[in-house]
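Peer 1: Mind looking over this structure? Questions follow.
Protein chains: 2
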Amino acid sequence: MNHLQGMSMEDADVTRQLAQFIVESKFDTLPSSVVKEASRAIVNCLGCAIGAAQHDTVNFAMAALAPFFGSPQAQIWGRSERADILHAALINGISTHVLDFDDTHFRAVHPSAPVLPAIFALAEWRQFSGKELVHAYVLGVEAEIRIALSVFPEHYDRGWHITGTAGVFGAAAAAGKLLKLNVEQMTWALGIAATQSSGLREMFGTMCKSFHPGHAAQGGLAAALMAEKGFTSSTRALEAKRGFGQVMSSRFDPSVITNALGVEYELSKNMYKPFACGLVVHAVIDACLQLRHQHHLKAEDIASVKATVGPLVLELTGIKQPKTGLEGKFSVYHAMAVAIIYGAAGEAQFSSEVVCQSDVANLRSLIEVEVDPTVRKLEGYVTVILKDGREIKCHVSDALGSLAHPMSNQDLEDKFRSLTANILNTKDANQLLEQCWNITQLDDVGSLMRLTSI
Amino acid sequence: MNHLQGMSMEDADVTRQLAQFIVESKFDTLPSSVVKEASRAIVNCLGCAIGAAQHDTVNFAMAALAPFFGSPQAQIWGRSERADILHAALINGISTHVLDFDDTHFRAVHPSAPVLPAIFALAEWRQFSGKELVHAYVLGVEAEIRIALSVFPEHYDRGWHITGTAGVFGAAAAAGKLLKLNVEQMTWALGIAATQSSGLREMFGTMCKSFHPGHAAQGGLAAALMAEKGFTSSTRALEAKRGFGQVMSSRFDPSVITNALGVEYELSKNMYKPFACGLVVHAVIDACLQLRHQHHLKAEDIASVKATVGPLVLELTGIKQPKTGLEGKFSVYHAMAVAIIYGAAGEAQFSSEVVCQSDVANLRSLIEVEVDPTVRKLEGYVTVILKDGREIKCHVSDALGSLAHPMSNQDLEDKFRSLTANILNTKDANQLLEQCWNITQLDDVGSLMRLTSI
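The listed protein sequences correspond, in order, to chains F and S. In terms of the working numbering, the numbers along the first sequence are unbroken and rise by one, the last being 455. In terms of the working numbering, the numbers along the second sequence are unbroken and rise by one, the last being 455.
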């Protein structure tokens with residue numbers, strides 16, 4: 002199906018238009034709000050990756066691939082090892098996504114996991130400045146999200162993990178910008194990316210889910226490096242009959258790739274998760290935290306809790322009494338219980354130890370959840386009935402982390418510190434945060450990267 | 002659409018069945034004809050790769066990626082460099098396919114280019130025997146071709162380059178066999194392969210076409226190495242609703258993957274090209290060579306030539322007067338002219354020099370080609386009218402290189418020598434051929450690999 006009016010998809014020429022936009026973009030034309038958003042995304046990304054750096058998924062990938070690492074060009078975040086930039090991009094892409102705590106564009110894709118690992122590695126190796134990195138990052142996200150939305154949601158519904166399939170374009174575009182590719186080379190970089198585009202949703206629940214953004218980071222970076230040396234691809238990889246859009250979707254709309262390009266920036270629609278579980282339970286967690294704070298709520302005073310939620314919540318997170326930390330992430334009951342007991346719902350509250358505690362299990366058993374199809378994804382209602390008969394209520398219309406109610410910079414710092422507390426010392430964490438907030442002042446991104454080492 | 006009768010695709014469990022077959026297969030159960038075919042495929046593959054080792058496509062990939070090579074674990078064929086095994090698999094996969102002179106399964110896929118580069122590199126590094134390598138190769142091709150045919154031709158028609166999309170499974174299966182993965186690990190290797198499956202036909206005519214088998218070799222090898230260390234994927238990557246078969250095709254037939262598994266071997270249906278151009282013109286080249294040989298045909302004696310060919314020939318190779326070597330490959334006129342003048346149609350006859358020669362151009366102008374839709378793909382008719390008025394004819398029903406009329410071992414040796422003449426010295430070429438023919442006697446494949454170095 003062709004959404005372009007009076008123009009065939011093949012005539013659209015969007016690969017070249019996108020390439021030209023990326024090549025010709027000047028840093029000074031970026032809105033300052035978008036540049037600031039980049040710092041927020043970087044703080045969030047590095048916190049997630051460093052916090053997950055010793056996860057089994059990362060350890061197993063390291064064990065398998067370290068024998069093939071090249072020169073130690075770039076840092077593996079939150080670990081002591083260094084690697085060639087292609088492997089650093091892969092491993093850091095995996096660790097950024099493995100907790101599923103990384104950023105989310107409000108419509109689709111985890112934007113940073115495929116892009117930042119690729120260009121941080123390249124920038125560290127080639128000593129690019131913070132301004133150059135931020136510029137490349139903003140443009141990479143722009144390419145990635147626009148290409149994703151040109152096939153979304155049908156492409157995702159069919160079974161493609163869009164963070165992988167679109168992420169590879171983001172990495173290629175961003176790395177290509179750092180490498181100062183010309184327009185023809187940039188079309189090749191996008192083409193070499195297109196022909197590597199992959200990642201199946203069947204892998205959700207396995208280690209391959211976080212492999213996808215890592216693989217996209219590595220493949221996109223390689224695409225830009227190959228294009229730089231003259232390795233050719235089709236220059237019409239997005240719109241051609243046998244190109245990405247038409248082969249990997251039946252609802253490709255090329256106009257999405259170029260409409261208002263340079264006017265609206267997709268990074269400004271980026272969201273960060275305050276809680277270490279699925280977005281659909283964020284509203285009721287937020288409500289429980291507010292009730293706890295306003296009413297000094299304690300578990301022992303509670304007779305029962307009732308939540309009213311949107312249609313997906315019980316389907317995705319309906320486990321009443323989870324047995325493991327991972328199951329806890331798929332239990333709206335557990336998420337609400339820890340919010341009330343601990344005043345938090347971070348990685349620590351989704352450990353197997355906490356999941357198995359009797360006070361948490363008791364509170365979970367007092368919670369009832371009712372689905373109301375009119376409740377929106379980031380909305381929720383919580384009513385607590387106390388043993389003394391009082392009833393207290395909270396309605397959250399836009400959960401913390403939504404575009405309407407974003408995490409503050411302080412919230413993002415707190416999340417970063419919580420994720421990295423056992424890994425970085427306070428001095429390094431402070432310095433790293435300071436460099437992230439002031440990244441556009443850095444002459445060489447390598448100084449920031451060295452602070453991610455343990 | 003579901004071709005399985007009375008059984009849903011998701012119930013098919015073919016990923017596990019295929020994994021189990023590969024894991025449990027014993028070398029001694031392979032038919033001896035299949036083991037011999039492996040040597041023929043290896044001679045053909047190494048000849049193509051060594052002959053193309055200095056092609057721009059290979060040079061540009063080397064220039065871009067050499068800065069990231071790890072330890073020199075494996076030889077880059079036909080060159081002096083060594084690389085880590087993942088990069089060796091990539092580069093050798095590119096060089097095997099770049100001339101489009103490598104092997105072709107009679108229905109679909111270039112079987113060797115994604116598989117042999119992966120397992121030769123692994124076998125060289127870990128010092129596996131020739132028997133282990135051949136066993137892994139046969140099974141890798143089996144997995145690759147069966148998975149390809151489970152979605153062919155719809156998957157290819159939609160725009161997927163099936164040598165890339167199916168090749169990654171072949172590399173993973175073969176490397177996994179060498180690594181002695183257990184059944185669960187083998188299902189993971191196939192899953193990590195599935196989620197990397199990629200390659201768009203839009204790239205035909207660019208350097209990315211030969212990137213596809215290289216990328217498949219590298220990705221499949223990484224998949225097996227990761228699975229060995231416990232990196233998990235879905236164990237139902239082929240048949241699941243959001244797995245390879247249903248996401249990347251609308252005509253997936255899982256039964257093709259397991260029917261008569263271990264009874265018929267797909268490698269026995271492998272074909273080798275005698276001529277350095279598309280298969281569709283092989284029959285008329287063969288006819289011209291026969292006429293030249295039988296009648297001592299000389300260009301200066303010819304008044305005109307008429308060929309009758311199948312329906313695709315003019316569409317694919319209709320350039321009447323090509324200007325470059327590459328255009329020469331897409332000219333049935335040129336292919337016939339060089340066959341008559343040189344008695345050969347190898348790489349040398351498709352050089353730009355030969356294409357521009359006046360005697361060749363003159364003969365091309367005397368050739369007329371007529372399409373007859375009843376003529377089969379590997380069939381052709383040639384009639385030559387001599388200046389003395391005589392008319393001589395040849396009908397080729399199955400061109401040299403077809404399954405009905407395969408290249409002999411001597412033909413394959415001649416092709417190998419012709420491709421490698423300017424690169425290997427005669428002594429090394431002789432030794433290399435001897436080791437290929439006797440590969441199952443080798444204790445360590447590394448000795449053969451070292452002979453591919455210059």
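Glycine included, every Cβ here is placed at the ideal spot set by N, Cα and C. This structure is a prediction, so every number in the text was calculated from the model and none was measured.
In angstroms with no decimal places, state the Cα-to-Cα distance between glutamine 76 of chain F and lysine 274 of chain F.
Peer 2: Counting from 1 along the first sequence, the entry for residue 76 of chain F is found at position 75. Counting from 1 along the first sequence, the entry for residue 274 of chain F is found at position 273. Answer to the nearest angstrom: the Cα atoms are 25 Å apart.
Peer 1: Taking the beta carbon of glutamate 265 of chain S as the centre, do at least 16 other beta carbons fall within 10 Å, making it buried, or is it exposed?
Peer 2: The count along the second sequence starts at 1 and reaches residue 265 of chain S at position 264. So glutamate 265 of chain S ends up on the exposed side.
Peer 1: Around the Cβ of asparagine 271 of chain S, are there at least 16 other Cβ atoms within 10 angstroms (buried) or fewer (exposed)?
Peer 2: Stepping through the second sequence from its first residue, residue 271 of chain S is reached at position 270. Label assigned to asparagine 271 of chain S: buried.
Peer 1: Any idea what DSSP makes of tyrosine 382 of chain F, helix, strand or coil?
Peer 2: In the first sequence, residue 382 of chain F corresponds to position 381, counting from 1. Tyrosine 382 of chain F: strand per DSSP, three-state reduction.
Peer 1: Ordered along the chain, which non-local residues of its own chain (more than five positions away) have a Cβ less than 7 Å from that of alanine 50 of chain S?
Peer 2: Counted from its first residue, the second sequence places residue 50 of chain S at position 49. Closer than 7 Å at Cβ, skipping near neighbours: Trp78, Gly79, Asn93, Ser96 and Thr97.
Peer 1: Could you tell me whether any Cβ in chain F is nearer than 9 Å to the Cβ of aspartate 12 of chain S?
Peer 2: Taking the second sequence and counting its residues from 1, the one referred to as residue 12 of chain S is at position 11. No - not a single Cβ of chain F is within 9 Å of the one on aspartate 12 of chain S.
Peer 1: With distance defined between alpha-carbon atoms, name the residue in S:Met227, S:Glu328, S:Gln322 and S:Val59 nearest to threonine 233 of chain F.
Peer 2: Counting from one through the first sequence, the residue named residue 233 of chain F turns up at place 232. Threonine 233 of chain F has its Cα closest to that of S:Val59, out of S:Met227, S:Glu328, S:Gln322 and S:Val59.
Peer 1: Go ahead and pull the three-state DSSP assignment for glutamate 82 of chain F.
Peer 2: Indexing the first sequence from 1 puts residue 82 of chain F at position 81. Looking at glutamate 82 of chain F - three-state DSSP - the assignment turns out to be coil, as it is neither helix nor strand.
Peer 1: Could you say which of S:Ile342, S:Glu301 and S:Ile258 lies nearest to arginine 293 of chain S if we only look at CA atoms?
Peer 2: Translated into positions along the second sequence, residue 293 of chain S becomes position 292. Checking every option, the nearest Cα to that of arginine 293 of chain S belongs to S:Ile342.
Peer 1: What is the DSSP secondary structure of glutamate 414 of chain S, reduced to helix, strand or coil?
Peer 2: Here the question's residue 414 of chain S lines up with position 413 in the second sequence. Of the three classes helix, strand and coil, the one that applies to glutamate 414 of chain S here is helix, per DSSP.
Peer 1: Per DSSP, what kind of secondary structure is histidine 162 of chain S in: helix, strand or coil?
Peer 2: Along the second sequence, one-based indexing puts residue 162 of chain S at 161. Of the three classes helix, strand and coil, the one that applies to histidine 162 of chain S here is coil, per DSSP.
Peer 1: Let me make sure I understand the geometry here. Which of F:Ala173, F:Gly71, F:Gly244 and F:Phe61 has the alpha-carbon closest to that of aspartate 12 of chain F?
Peer 2: Sequence index remark: in the first sequence, residue 12 of chain F carries index 11 (1-based). For the residues F:Ala173, F:Gly71, F:Gly244 and F:Phe61, the minimum Cα distance to aspartate 12 of chain F belongs to F:Gly244.
Peer 1: Return the residue from the list F:Lys378, F:Ala62, F:Ala195 and F:Arg41 that minimises the CA-CA distance to leucine 315 of chain F.
Peer 2: The sequence position of residue 315 of chain F within the first sequence is 314, counting from 1. Selected option, being the one with the closest Cα: F:Lys378.
Peer 1: So that I know if they touch, is there some Cβ in chain S lying closer than 9 Å to that of lysine 230 of chain F?
Peer 2: Locating residue 230 of chain F in the first sequence gives position 229, where the first residue counts as 1. Yes, contact with chain S.
Peer 1: Checking contacts by CB at 9 Å: is lysine 428 of chain S closer than that to chain F?
Peer 2: Along the second sequence, read from residue 1 onward, the residue named residue 428 of chain S stands at position 427. No, lysine 428 of chain S lies away from the interface with chain F (no Cβ there is under 9 Å from its Cβ).
Peer 1: Just curious, the beta strand (DSSP E) that isoleucine 320 of chain F is in, first and last residue?
Peer 2: Within the first sequence, residue 320 of chain F is the residue found at index 319, counting from 1. Taken as a continuous stretch (DSSP letters only), isoleucine 320 of chain F belongs to no beta strand (DSSP E), as it is neither H nor E.
Peer 1: Would lysine 330 of chain S and isoleucine 368 of chain S be called neighbours here (beta carbons separated by less than 9 Å)?
Peer 2: Here residue 330 of chain S corresponds to residue number 329 of the second sequence, with the count starting at 1. Here residue 368 of chain S corresponds to residue number 367 of the second sequence, with the count starting at 1. Taking 9 Å as the Cβ cut-off, lysine 330 of chain S and isoleucine 368 of chain S do not qualify as a contacting pair.
Peer 1: Just list the alpha helix (DSSP H) runs in the region 247-289 of chain F, keeping only unbroken ones of 4 residues or longer that don't cross its boundaries, in chain order.
Peer 2: Segments of the alpha helix (DSSP H) lying fully in the region 247-289 of chain F: 256-259.
Peer 1: For a contact defined as C-beta to C-beta under 9 Å, what are the partners of serine 235 of chain S on chain F?
Peer 2: Walking along the second sequence from the start, residue 235 of chain S turns up at place 234. Leu201, Glu203, Met204, Phe205, Gly206, Thr207 and Cys209, listed in chain order.
Peer 1: Terminal residues of the continuous alpha helix (DSSP H) containing serine 359 of chain S?
Peer 2: Working through the second sequence from its first residue, we reach residue 359 of chain S at position 358. From DSSP, the alpha helix (DSSP H) with serine 359 of chain S extends over 359-366.
Peer 1: Within 10 Å of its beta-carbon, does histidine 297 of chain S have 16 or more other beta-carbons around it, so buried, or fewer, so exposed?
Peer 2: Locating residue 297 of chain S in the second sequence gives position 296, counting from the first residue. Its Cβ having fewer than 16 others within 10 Å, histidine 297 of chain S is exposed.
Peer 1: State the CB to CB distance for the pair alanine 340 of chain S and leucine 290 of chain S, rounded to an integer number of angstroms; the pair is presumed to be in contact (CB under 8 Å).
Peer 2: Looking up residue 340 of chain S in the second sequence gives position 339. Looking up residue 290 of chain S in the second sequence gives position 289. Their Cβ separation, rounded to whole angstroms, is 5 Å, which keeps alanine 340 of chain S and leucine 290 of chain S in contact under 8 Å.
Peer 1: Where isoleucine 286 of chain F and histidine 406 of chain F are concerned, what is the direct C-alpha to C-alpha distance, given to the nearest angstrom?
Peer 2: As a working note, residue 286 of chain F is residue 285 in the first sequence. As a working note, residue 406 of chain F is residue 405 in the first sequence. Taking the straight line joining both Cα atoms gives about 14 Å.
Peer 1: Would you mind working out which of S:Gln411, S:Lys178, S:Ser113 and S:Pro374 sits nearest cysteine 46 of chain S, comparing C-alpha positions?
Peer 2: Taking the second sequence and counting its residues from 1, the one referred to as residue 46 of chain S is at position 45. Nearest of S:Gln411, S:Lys178, S:Ser113 and S:Pro374 to cysteine 46 of chain S, Cα basis: S:Ser113.
Peer 1: If we count the other Cβ atoms within 10 Å of its Cβ and call it buried at 16 or more, is phenylalanine 61 of chain F buried or exposed?
Peer 2: As a first step, residue 61 of chain F is located in the first sequence; it is residue number 60 there, counting from the start. When all chains shown are included, phenylalanine 61 of chain F counts as buried.
Peer 1: Can you confirm whether alanine 109 of chain S, when its beta carbon is compared against all beta carbons of chain F, has any partner nearer than 9 Å?
Peer 2: One-based indexing of the second sequence puts residue 109 of chain S at position 108. No - not a single Cβ of chain F is within 9 Å of the one on alanine 109 of chain S.
Peer 1: Taking the Cβ atom as the reference point for each residue, do glycine 131 of chain S and valine 397 of chain S lie within a distance shorter than 9 Å?
Peer 2: Walking along the second sequence from the start, residue 131 of chain S turns up at place 130. Walking along the second sequence from the start, residue 397 of chain S turns up at place 396. No, the Cβ-Cβ distance between glycine 131 of chain S and valine 397 of chain S is not below 9 Å.
Peer 1: What does lysine 216 of chain F touch in chain S if you count any residue whose Cβ is under 7 Å from its own?
Peer 2: Translated into the one-based positions of the first sequence, residue 216 of chain F becomes position 215. Here residue 216 of chain F is histidine; the residue named in the question, lysine, does not match the sequence. Result: Gln197.
Peer 1: Would you grab the beta carbon distance between glutamate 458 of chain S and phenylalanine 170 of chain S for me? Rounded to a whole angstrom, and I think it's under 8 Å.
Peer 2: Only positions 2 to 455 of chain S appear in this structure, which leaves residue 458 of chain S out of reach.
Peer 1: Can you confirm whether arginine 418 of chain S, when its beta carbon is compared against all beta carbons of chain F, has any partner nearer than 9 Å?
Peer 2: Numbered from its first residue, the second sequence carries residue 418 of chain S at position 417. Arginine 418 of chain S does not count as touching chain F.
Peer 1: Where proline 255 of chain F and leucine 425 of chain S are concerned, what is the direct C-alpha to C-alpha distance, given to the nearest angstrom?
Peer 2: As a position in the first sequence, residue 255 of chain F is number 254, starting the count at 1. As a position in the second sequence, residue 425 of chain S is number 424, starting the count at 1. Distance between the alpha carbons of proline 255 of chain F and leucine 425 of chain S is about 50 Å.
Peer 1: Can the beta-carbon of aspartate 85 of chain S be found less than 9 Å from the beta-carbon of proline 68 of chain F?
Peer 2: The residue you call residue 85 of chain S lines up with position 84 of the second sequence. The residue you call residue 68 of chain F lines up with position 67 of the first sequence. Against a cut-off of 9 Å, the Cβ pair of proline 68 of chain F and aspartate 85 of chain S comes out as a contact.
Peer 1: Show which residues of chain F have a CB atom less than 8 Å away from the CB atom of glycine 160 of chain S.
Peer 2: Against the second sequence, residue 160 of chain S aligns to sequence position 159. The answer, in chain order, is Lys242, Arg243, Gly244, Gln247 and Val248.
Peer 1: Suppose contacts are defined by Cβ-Cβ distances below 9 Å. Is aspartate 373 of chain S in contact with threonine 309 of chain S by that definition?
Peer 2: On the second sequence, residue 373 of chain S is found 372 positions in, with the first residue counted as 1. On the second sequence, residue 309 of chain S is found 308 positions in, with the first residue counted as 1. Taking 9 Å as the Cβ cut-off, aspartate 373 of chain S and threonine 309 of chain S qualify as a contacting pair.
Peer 1: Among S:Ala241, S:Gly402, S:Lys210 and S:Ser40, which has the Cα closest to the Cα of alanine 284 of chain S?
Peer 2: Indexing the second sequence from 1 puts residue 284 of chain S at position 283. That would be S:Gly402, whose Cα lies nearest to the Cα of alanine 284 of chain S.
Peer 1: Are there 16 or more other CB atoms within 10 angstroms of the CB of lysine 416 of chain F, so buried, or fewer, so exposed?
Peer 2: Counted from its first residue, the first sequence places residue 416 of chain F at position 415. It is buried - the Cβ of lysine 416 of chain F has at least 16 other Cβ atoms within 10 Å.
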